[in-house]
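Notes to accompany the following structure.
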Amino acid sequence: MERHYFDANATTPPLPRVVDAVARAMADTWGNPTSTHREGQRARHLLEEARRRVAESLGAAPAELVFCASATEALHLLLRGLRPALGDRPALVFPGEHSACLNPLADWAVRWMPGDPEGCATVVQMAASNETGILYPMPAVPALRIKDAAQAWGKVPVDLADCDAAVFSGHKIGGPRGVAVLWMRPGLPWTAVMEGPQERRRRGGTEDLPAILGLAEAVAELPARLARNAELAPLRDALEAEVLSWSTDYEVVGRGLPRLPNTSSLLLRGHLGESVQIALDLAGFAVSTGSACHSGSTKPSHAIMSLGYSEQEARSVLRISMLPGAAPEAMAALGAALRRILGR
Ligand code: PLP
121 MERHYFDANA
131 TTPPLPRVVD
141 AVARAMADTW
151 GNPTSTHREG
161 QRARHLLEEA
171 RRRVAESLGA
181 APAELVFCAS
191 ATEALHLLLR
201 GLRPALGDRP
211 ALVFPGEHSA
221 CLNPLADWAV
231 RWMPGDPEGC
241 ATVVQMAASN
251 ETGILYPMPA
261 VPALRIKDAA
271 QAWGKVPVDL
281 ADCDAAVFSG
291 HKIGGPRGVA
301 VLWMRPGLPW
311 TAVMEGPQER
321 RRRGGTEDLP
331 AILGLAEAVA
341 ELPARLARNA
351 ELAPLRDALE
361 AEVLSWSTDY
371 EVVGRGLPRL
381 PNTSSLLLRG
391 HLGESVQIAL
401 DLAGFAVSTG
411 SACHSGSTKP
421 SHAIMSLGYS
431 EQEARSVLRI
441 SMLPGAAPEA
451 MAALGAALRR
461 ILGR
């Protein structure tokens, strides 16, 4: 059976040039960038060249980037490394943050948005929601501003001017899994929590050079990827209009708000999102009920509930997230399968 992948917010297939770069690096440049011999020096040279390319794309200085294994790790390193300097002063946090961000905040004094920013040392705001695709501006609060750009990267432009630290994930932009970027503005009151000489003593552990070189290749495709993602909005809007025409019980979360062009969060009252997702999977369509990290667990999405929806409504959500270049025919086939499954 032909498969159609509509779960781009969970992960994306690595681009061919990424697969090539990773395979080549694994075969040819497996040296340790910390070693001082020729093999190590060559690895170091390639590592720094990749850092330069990624930094240029982000509009940052190469030395400001720390390569990590995931955005989850980057958020943990960032938040745990800031904690000693910030003490118990509260953080103003967007309640729909990803668990990768909420978990390291578990022992912080958290004030949920739209709480009073007075006295807050930090503000934590994702650039785009992985679940709804809604875009969020960084609140203008005089505090240290942290941006999770994992979902926004490659789908909409990401600005570093309005924040002091940001994280990016490679596997969301056609890069390899297992590589991410932590960007920190110089001078942050941050201390390393994973000791080691690598990454200017900011993240210990031998760098995953193949993954980092693969990431640099994915980054080279970002301008084209942004353009192709932008083209998805009319396809998404057409699917949403069709679904809404089937029942007044159906809703699109975030409709009318600035959103990622590839994401549709369909609230299908009267249905269990999980059952619809399974039926679509059997019909050849990969979609999600919410954050991929929650798949397999039956907990309703905190991000949807934080928007004011009930637990039952949160359980009725189906997330469709398109890859750049999604074919209109595949979208039409998805719409037809969904209609059949919903009995409309
Ligand atoms: N932040 C957001 C908004 C995400 O959507 C994700 C992954 O879904 C992450 C962080 C975690 O990224 P990674 O898979 O690189 O750990």
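Using my numbering, you'd call the opening residue of the sequence shown number 121 and step up by one each time. C-beta atoms are modelled at their ideal positions from N, C-alpha and C, and glycine is treated no differently.
Simplified DSSP state of residue i, which is helix, strand or coil
i: Ile424; result: helix
i: Cys221; result: helix
i: Lys292; result: helix
i: His157; result: coil
i: Leu355; result: helix
i: Val186; result: strand
i: Ser177; result: helix
i: Asp127; result: strand
i: Gln271; result: coil
i: Arg459; result: helix
i: Leu454; result: helix
i: Ala399; result: helix
i: Arg321; result: helix
i: Ser106; result: There is no way to answer for residue 106, as the model of the chain reaches only from 121 to 464.
i: Leu264; result: strand
i: Ala170; result: helix
i: Ala406; result: strand
i: Leu308; result: coil
i: Ala412; result: Confidence at Ala412 is low in this model, with a pLDDT of 46, below 50, so the placement of that residue is unreliable and no value is reported for it.
i: Arg379; result: strand
i: Leu255; result: strand
i: Leu335; result: helix
i: Leu329; result: helix
Where the beta strand (DSSP E) containing residue i begins and where it ends
i: Ala300; result: 300-304
i: Ser289; result: 285-289
i: Ala211; result: 211-213
i: Glu371; result: 370-372
i: Arg439; result: 437-441
i: Val243; result: 242-246
Cβ-heavy atom distance, residue i to the ligand PLP, below 7 Å
i: Met442; result: no
i: Asn349; result: no
i: His291; result: yes
i: Thr192; result: yes
i: Gln245; result: no
i: Asn152; result: no
i: Ala226; result: no
i: Ala300; result: yes
i: Asn129; result: yes
i: Ala331; result: no
i: Cys283; result: no
i: His218; result: yes
i: Asn250; result: yes
i: Ala286; result: no
i: Ala270; result: yes
i: Cys240; result: no
Contacting residues, own chain, Cβ-Cβ under 7 Å from residue i (five flanking each side not counted)
i: Arg321; result: Ala312
i: Gly393; result: Thr409, Arg435, Ser436, Val437, Leu438
i: Glu204; result: Looking at the sequence shown, residue 204 is not Glu but Pro. Taken in chain order, the residues that qualify are Thr311.
i: Gly455; result: Leu359, Glu362
i: Val407; result: Phe126, Asp127, Gln397, Leu400, Leu438, Arg439, Ile440
i: Ser177; result: Val339, Leu342
i: Glu315; result: Gly324
i: Ala181; result: Ala175
i: Val138; result: Gly294, Gly295, Pro296, Gly334, Glu337, Ala338
Residue i, enclosing alpha helix (DSSP H) - first and last residue
i: Asp140; result: 136-148
i: Leu206; result: 191-206
i: Leu346; result: 342-350
i: Leu392; result: Per DSSP, Leu392 belongs to no alpha helix (DSSP H) and is neither H nor E.
i: Arg231; result: First-last for Arg231: 230-232, but that is the beta strand (DSSP E), not the alpha helix (DSSP H).
i: Glu433; result: 431-434
Close beta carbons around residue i, own chain, < 8 Å, minus the five adjacent residues each side
i: Cys240; result: Arg209, Pro210, Ala211, Leu212, Arg231, Val261, Ala263
i: Val372; result: Glu360, Val363, Leu364, Ser384, Ser385, Leu386, Leu387
i: Leu308; result: Leu202, Leu264, Asp284, Ala285
Contacting residues, own chain, Cβ-Cβ under 6 Å from residue i (five flanking each side not counted)
i: Thr131; result: His291
i: Ser411; result: Unreliable positioning characterises Ser411 in this predicted model, as indicated by a pLDDT of 48, which lies under 50. The coordinate reading is nonetheless provided below. These residues qualify, in order along the chain: Asn250, Glu251.
i: Ala189; result: Gly298
i: Gly274; result: Ile293, Leu342, Arg345
i: His391; result: Ser436
i: Asp268; result: Cys221, Met246, Val287
i: Met451; result: Leu355, Leu359
At least three beta-carbon pairs within less than 8 Å, the stretch 247-261 to the stretch 167-178: At 8 Å Cβ cutoff, the stretches do not touch.
Given 8 Å, three or more beta-carbon pairs between the stretch 198-218 and the stretch 232-245: yes
At least 3 beta-carbon pairs within less than 8 Å: the stretch 369-388 vs the stretch 441-448: yes
Meets three-Cβ-pair contact criterion under 8 Å: the stretch 185-196 and the stretch 151-159: With a cut-off of 8 Å, the stretch 151-159 and the stretch 185-196 do not count as touching, because too few Cβ pairs lie within range.
Inter-stretch contact (C-beta, 8 Å, three-pair minimum) for the stretch 321-332 and the stretch 130-148: yes
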